[in-house]
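Residue numbering for the sequence shown follows my numbering, beginning at 2 and increasing consecutively. We put the CB at the ideal spot given by N, CA and C, even for glycine. These figures come from a predicted structure and were not determined experimentally.
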Amino acid sequence: MLEAMRKLWGGAFESAAAQAVDRFGQSIDSDLTFWREDVLGSIAHARMLGACGVIAPEEADRLVEGLERILREGPDALPRDVEDVHTAVEARLGELVGPLAGKLHTARSRNDQVATDARLWLRGAIDGVLEAIKALQNALLEQATAHRRKVMRGWTHQQPAQPVTLGFHLAAHFWALQRDGWRFERVREAANLCPLGSAALAGTTFPIDREATARELGFAAPIPNALDATSDRSFVLDALHAAACTLLDLSRLCQELVLWSGAEFDLVRLGDEVTTGSSIMPQKRNPDMAELIRGRAARAIGHWTAVAAMLKGLPLGYNRDTQDDKPPLFDAMRLTRDALGLCRLMLESAQWNTAKMARDAGDRASTATDLADFLASRGVPFREAHERVGRLVRACEQRGWRLDRLNGARLRELDPDLPPEAAERLDARRAALRRESLGGPGEKAMVAQLRHMKRLLAKPGFPSLV
Ligand code: ARG
């Protein structure tokens, strides 16, 4: 950084700020993320100033031409020895159009500008995330469809519970993403309002048209109160919440991929393109991407916490504290998008060990509930059926027999009163595919669920489920 950093203020100051102050206060490094939004906001403002007669129409045209050139040049042409991106754009504009550049800042402040830039950037970032959510949902739908009849173990308390199917399990992740998309859409609505023209906190005496700038920038409306418009950062917190929720959901998927790809589970092999090796152990195939997503979800939670703590107790009116909402916002949104893309790659490359899944599915008496259901369907009160099958499970354990592999003869040896068809109910695959209640893994229930997923995926956006 140069000794004297260029600033948009200083007239009232006798001497320059200390270097440490410049360094501590600058935001240009992180601001470059939304340089484009800053220029687009300035173009809308310049056009509006011209249209309202605040500056001459020819002046507005020259400002817009200069700003459009800055758009074409890209961020590399912007100076770096400046406090922030607003200063950088105005300085570059000065090089291109001369002193006229000084008129651009009429009837606005960096306070409404920075809030506008952040909202514009977030809107675009959310659109990218929504697209990535759809792509991951599409991968889940494809895999769930392909594996809708592949039986596997289902867990509660991480203990074998009841057999399900791989398709059913993968479909569950689809619905979590549907909620994440829905949540991000709500955040987009909250962010899609325009602060521009609020100036520092109190509006302006110039006859500006805030409706026009809001419209040109694609916002739904101008924010009604200038003080609120420049003070509000709740949309940042909303975005961080939605990002944290999404990353939490992805961390759960990733945790399963980490576990399932390990030798103890041995249920999936992730593709080479998403797997990493070890510098010492030549045989290793590590699921690093899944581990990093699982770990970095913590960062998103931290970002929410940091911004919430920073906003707490801030009085109305711009406060410099809020400069620091942007690095966490940028990071959380990028992280969310990258993680969604990587989860898609991992799923698309996954080779599921469906043979092992099928072998495990009926182990540990996982079809005991299905046998109890069978007895209950024959009129035995469920509580009694539960007790009776419980005794059967215990007898199997004592003999070292697998409940799901008992034939009719052995079954009757343990419980002579069981009807002969009872043995069929112990087969894991049949048990899973028969559970046809709405939302279950049964064949018809899954066809209906997959159809529902497909229908939602084809719709634009993320409608709620009803
Ligand atoms: N870099 C500042 C931020 O991000 C821009 C607004 C500065 N406004 C001010 N009054 N110092 O918040």
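Worksheet item: Among the residues of its own chain, which have a CB less than 7 angstroms from the CB of Arg216, if the five just before and after it don't count?
Response: none
Worksheet item: So the alpha helix (DSSP H) Val188 belongs to, where does it begin and stop?
Response: 167-192
Practice prompt. Taking only heavy atoms of the ligand ARG into account, decide whether any of them is closer than 7 angstroms to the Cβ of Thr117.
Written response: Every heavy atom of the ligand ARG is 7 angstroms or more from the Cβ of Thr117, so no.
Worksheet entry | Spatial distance of Phe14 from Val22 (CA atoms) | 14 angstroms
Fill in: Distance CB(Gly42)-CB(Leu218) smaller than 8 angstroms
In this structure, the beta-carbon distance from Gly42 to Leu218 falls below 8 angstroms.
Worksheet entry | Met290 - containing alpha helix (DSSP H), residue span | 289-312
Worksheet item: If Val130 sits next to Arg338, beta carbons under 8 angstroms apart, how far is it from one beta carbon to the other, in whole angstroms?
Response: A Cβ-Cβ separation of about 5 angstroms places Val130 in contact with Arg338 under the 8 angstroms criterion.
Worksheet item: Does the stretch 100-107 come close enough to the stretch 48-57 to have 3 or more Cβ pairs within less than 8 angstroms?
Response: yes
Worksheet item: What residue ranges within the stretch 241-268 form continuous alpha helix (DSSP H) runs of no fewer than 4 residues, ordered along the chain?
Response: none
Worksheet item: For Met290, which residues from the same chain have a beta carbon less than 6 angstroms from its beta carbon, with the 5 sequence-adjacent residues on both sides left out?
Response: These residues qualify, in order along the chain: Val275, Leu343.
Fill in: 8 angstroms contact criterion, which Leu137 and Leu341 should meet: CB distance rounded
5 angstroms
Worksheet item: Quick one: what's Pro164 bridged to in DSSP?
Response: Arg154
Worksheet item: Looking at the structure shown, is Ala351 part of a helix, part of a strand, or coil, going by DSSP?
Response: coil
Discussion item. According to DSSP, Arg7 sits in a beta bridge with which residue or residues?
Written reply: DSSP, once it has assigned bridges, lists Val83 as partnering Arg7.
Practice prompt. Determine which residues share a DSSP beta bridge with Pro223 and list them.
Written response: Cys195
Worksheet item: So, is Gly51 buried or exposed, given that buried needs 16 or more other C-beta atoms within 10 angstroms?
Response: Classified as buried, Gly51 has 16 or more neighbouring CB atoms from the shown chains inside 10 Å of its CB.
Worksheet entry | Own chain residues within Cβ distance below 8 angstroms of Lys460, not counting five before or after | none
Worksheet entry | Ile127 - containing alpha helix (DSSP H), residue span | 111-147
Worksheet item: To which residues of the same chain is Ala201 closer than 8 angstroms at the C-beta, ignoring the five residues directly before and after it?
Response: Ser110, Asn112, Asp113, Thr231, Tyr319
Discussion item. Helix, strand or coil, according to DSSP, for Thr107 in the structure here?
Written reply: Residue state for Thr107 is assigned as coil, using DSSP reduced to three classes.
Item to complete: Decide if Met282 is buried, meaning its Cβ has at least 16 other Cβ atoms within 10 Å, or exposed.
Response: exposed
Practice prompt. To the nearest angstrom, report how far apart Met2 and Arg81 are at their CA atoms.
Written response: For Met2, the predicted structure reports a pLDDT of 41, less than 50, and the residue's modelled location is therefore unreliable. A value from the coordinates is still provided. Answer to the nearest angstrom: the Cα atoms are 8 angstroms apart.
Worksheet item: Which two residues bound the contiguous alpha helix (DSSP H) that contains Val22?
Response: Here the alpha helix (DSSP H) through Val22 covers 20-26.
Worksheet item: Any chance the CB of Thr323 is under 7 angstroms from a heavy atom of the ligand ARG?
Response: Within the cutoff, so yes.
Discussion item. Any heavy atom of the ligand ARG inside 7 angstroms of the beta-carbon of Asn112?
Written reply: yes
Worksheet item: Sorted by chain position, which residues of the same chain lie with C-beta nearer than 7 angstroms to Glu38's C-beta, five sequence neighbours on each side aside?
Response: Asp118, Leu121, Trp122
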